[in-house]
């Protein structure tokens, strides 16, 4: 039976740096970038 991966959580220090890496280096598309409280963000790439 094939196995699939749905979601992975990655904790990062610098959101903008991580977004640049995942979109530019790995070719992912930025799907969501929502600002939360206390300097946190919810970022979804795929």
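Numbering (the working numbering), first residue to last: 23 to 68. No residue lacks a Cβ here, since even glycine has one placed at the ideal position from N, Cα and C.
Rounded C-alpha distance that separates residue i from residue j
i	j	result
residue 53	residue 41	11 Å
residue 27	residue 47	20 Å
Extent of the continuous alpha helix (DSSP H) run through residue i
i	result
residue 10	With the chain covering only 23 through 68, there is no way to say anything about residue 10.
Residue span of the beta strand (DSSP E) that contains residue i, given as start and end
i	result
residue 66	63-67
residue 56	52-57
Proximity below 8 Å, CB of residue i to CB of residue j
i	j	result
residue 60	residue 37	no
Close Cβ partners of residue i (< 8 Å) along its chain, the five nearest in sequence each way excluded
i	result
residue 32	40
Neighbourhood of residue i by C-beta distance below 6 Å, restricted to the same chain and skipping five residues each side
i	result
residue 66	53, 54
Other residues of its chain near residue i: CB distance less than 7 Å, five sequence neighbours each side excluded
i	result
residue 34	40
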